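Residue numbers (our numbering), protein chains in the order written: chain R, -15 to 280; chain P, 3 to 275.
Everything below concerns the one structure shown next.
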């Protein structure tokens, strides 16, 4: 009797969890299908070649043009800038927390860095408008600081917690025997870190960077507020740019349903999806390689 | 949510079972005014609950199409495309003009001149002039702080000047952000709703506009000129109401037209013709 009741419970819960699991996959599939569906609708009206090679994004002009290039370049520029700042800072912080910091400092630093992820992106965007932007303007003698560099600095701050946490886990997971062997042949702490520990943790660190990139590409509010949203083709870090995410955010609210412009926004959303997917897949791949490497 | 949008909900005070809920969406220019009107109105008639949110004129009109609002505030008339969409959806619209708005052209307080004529302004806004040299005699690059394309003010200035905005124009999130940026940027020029400025506004200069070089320049703060329709950038503020909500919002519209409503509208920096 007791056994039968238990078996029934098991069956019910199995079904329940199966449903929730399937539901999540169905949501993902649904979103993906919607993106593809609307993107196809767009490509019926505008040729993919014009879309990919066009250097102007101007859907509301008298001669509507749907070139994604300036948007992709903007997103890439801001993301690369963010990574140039966040990678050295992130790996440095991770190495310090893992190898140099004492136990008490470590117990404080790690949660503190993770807290950074809890700051809402609007707050960071606001910081960009009132602090970082004017700061950049004053330092470089520009009339204003609403440019790609401003966005890059802010995105670096936002990507840091991801990078630091995962990179620290990776460095921490390098077996102690590696370090001991290194010390044993006479290497000092710095040499051990640079030549033994970090190379051994490399797949994990690359995974951390890729996940940080994924975070930076998809961020909307901060870049919308801080980069000036200029639709001209981006010229460099000291010029205003308009990223893919900002373009979707600006234009989605007013676009009439089922028009070419509407479908175009889904097409650029699909491109954004592919970019973040690539970054996240690369991250996952390296995380797995890193796990296998240490399991062996 | 699409953008920073003001969202005010006037909470019902009594548990009156005859509560009427009116949803107002649309123009960021009008959102402060609409919130004030709604608050006062709720004070007089507590059985009405009014929620007001911004997002841009286009957003408000789209909300009516999606049947998510009773009133769409708009600082521009309907476009042909929108008229067609309403016809297709079978929604009949009532149009109500409740105030007159003026858009101010603002620059940094150290800007060397006080007046600009419309042809020169067109050249500045369209990007034909890259430097302030022809206007002020100072060789400083021009930085344009504009609104995003979902803003009614954006399309108003564009249409009124008959230009396409420079592709170098920055697209800011709202009037307040434009104001903050201009305060910090000596090379900047921007446009904001007159409701956001007064003669006490610090840090920016409000340019007087001359229709042609040599004609008298008019300031948007000059009430009598606005009444005489002499300021170049003035326009009516619309409220679009679907016929299905027309009965429900009558009392509110009457309040807007009452002396009390008019006083609020004027206090907010708008005009009544």
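Yeah, the Cβ is synthetic: ideal placement off N, Cα and C, and Gly gets one too.
Everything numeric in this text was worked out from a predicted model, so none of it was measured.
Range covered by the beta strand (DSSP E) that runs through residue i
i: residue 67 of chain P; result: That residue, residue 67 of chain P, is in no beta strand (DSSP E); its alpha helix (DSSP H) goes 59 to 67.
i: residue 75 of chain P; result: 73 to 76
i: residue 130 of chain P; result: No beta strand (DSSP E) contains residue 130 of chain P, which DSSP labels as neither H nor E.
i: residue 140 of chain R; result: From DSSP, residue 140 of chain R is part of no beta strand (DSSP E) but of the alpha helix (DSSP H) over 132 to 156.
i: residue 149 of chain P; result: 145 to 149
i: residue 97 of chain P; result: 95 to 110
Under 9 Å from the C-beta of residue i: neighbouring residues of chain R
i: residue 61 of chain P; result: 237 and 238
i: residue 219 of chain P; result: Result: empty, since nearest Cβ-Cβ is about 26 Å, beyond 9 Å.
i: residue 166 of chain P; result: 42, 45 and 46
i: residue 70 of chain P; result: In chain order: nothing, as chain R lies at least about 12 Å away.
i: residue 64 of chain P; result: 237, 238, 239, 240 and 241
i: residue 179 of chain P; result: 113 and 209
Opening and closing residue of the alpha helix (DSSP H) in which residue i lies
i: residue 247 of chain P; result: 245 to 259
i: residue 44 of chain P; result: 30 to 46
i: residue 9 of chain R; result: -14 to 29
i: residue 234 of chain R; result: 228 to 236
i: residue 118 of chain P; result: Unbroken run through residue 118 of chain P is the beta strand (DSSP E), 117 to 119; no alpha helix (DSSP H).
i: residue 114 of chain P; result: Careful: residue 114 of chain P lies outside any alpha helix (DSSP H) and carries neither H nor E.
i: residue 239 of chain R; result: Here residue 239 of chain R belongs to no alpha helix (DSSP H), and DSSP marks it neither H nor E.
i: residue 156 of chain P; result: 154 to 163
i: residue 89 of chain P; result: 82 to 91
i: residue 123 of chain R; result: 117 to 124
i: residue 142 of chain P; result: Looking at the DSSP string, residue 142 of chain P is not in any alpha helix (DSSP H), and its letter there is neither H nor E.
i: residue 210 of chain R; result: 205 to 210
DSSP bridge partner residues for residue i (one or two, in chain order)
i: residue 41 of chain R; result: R:50
i: residue 245 of chain R; result: Bridge partners of residue 245 of chain R: none, in fact.
i: residue 26 of chain P; result: P:54 and P:73
i: residue 57 of chain R; result: None; residue 57 of chain R has no bridge partner.
i: residue 242 of chain P; result: P:74 and P:97
i: residue 237 of chain P; result: P:103
i: residue 278 of chain P; result: In the structure as shown, chain P begins at 3 and stops at 275. Residue 278 of chain P is therefore absent and cannot be evaluated.
Residues that residue i contacts on chain R, provided the C-beta gap is smaller than 7 Å
i: residue 29 of chain P; result: None at all; the shortest Cβ gap to chain R is about 12 Å.
i: residue 58 of chain P; result: 237 and 238
i: residue 130 of chain P; result: In chain order: nothing, as chain R lies at least about 14 Å away.
Within chain P, partners of residue i - CB distance below 7 Å
i: residue 216 of chain R; result: 169 and 170
i: residue 212 of chain R; result: 172
i: residue 252 of chain R; result: The premise fails here: residue 252 of chain R is roughly 15 Å from chain P at the closest Cβ pair, so nothing lies under 7 Å.
Closer than 8 Å at the beta carbon, the chain P residues around residue i
i: residue 285 of chain R; result: There is simply no residue 285 of chain R to check, as chain R begins at -15 and stops at 280 in what is shown.
Partners in chain R for residue i, counting only beta-carbon separations shorter than 8 Å
i: residue 175 of chain P; result: 208 and 209
i: residue 152 of chain P; result: 234, 235, 237 and 238
i: residue 145 of chain P; result: 127 and 128
i: residue 182 of chain P; result: 113 and 114
Check: residue i C-beta below 6 Å from any heavy atom of the ligand HEM
i: residue 212 of chain P; result: What this structure holds is no ligand at all, so the ligand HEM is not there to describe.
For this session: May I ask you to list, following chain order, the residues of the region 127 to 138 of chain R that have a beta carbon less than 8 Å from some beta carbon of chain P?
Result: 127, 128 and 130
Exercise. Taking a cut of 9 Å between CB atoms, which residues from the region 190 to 212 of chain P lie near chain R?
Worked result: 190
Problem set entry | Contained beta strand (DSSP E) runs [length at least 3] in the region 170 to 224 of chain P, N- to C-terminal order | 172 to 174, 190 to 195, 206 to 208 and 210 to 212
Problem set entry | Residues within the region 29 to 58 of chain R neighbouring chain P, beta-carbon criterion of under 7 Å | 44 and 45
For this session: Can you give me, in chain order, the residues of the region 190 to 211 of chain R that have a beta carbon less than 8 Å from any beta carbon in chain P?
Result: 208 and 209
For this session: Please list the residues of the region 224 to 236 of chain R that have a C-beta atom closer than 8 Å to any C-beta atom in chain P, keeping them in chain order.
Result: 224, 226, 233, 234, 235 and 236
For this session: With 8 Å as the limit, tell me which residues of the region 76 to 104 of chain P have their beta carbon closer than that to any beta carbon of chain R; keep them in chain order.
Result: 83, 84 and 87
Exercise. Whole alpha helix (DSSP H) runs in the region 162 to 201 of chain R with 4 or more residues, listed along the chain?
Worked result: 173 to 176
For this session: May I ask you to list, following chain order, the residues of the region 102 to 114 of chain R that have a beta carbon less than 8 Å from some beta carbon of chain A?
Result: In the structure shown, chain A cannot be found, because the protein chains are R and P.
For this session: Could you name the residues of the region 238 to 249 of chain P whose beta carbon sits closer than 9 Å to any beta carbon of chain R, in the order they occur along the chain?
Result: none
Problem set entry | Complete runs of the beta strand (DSSP E) confined to the region 69 to 105 of chain R [at least 3 residues] | none
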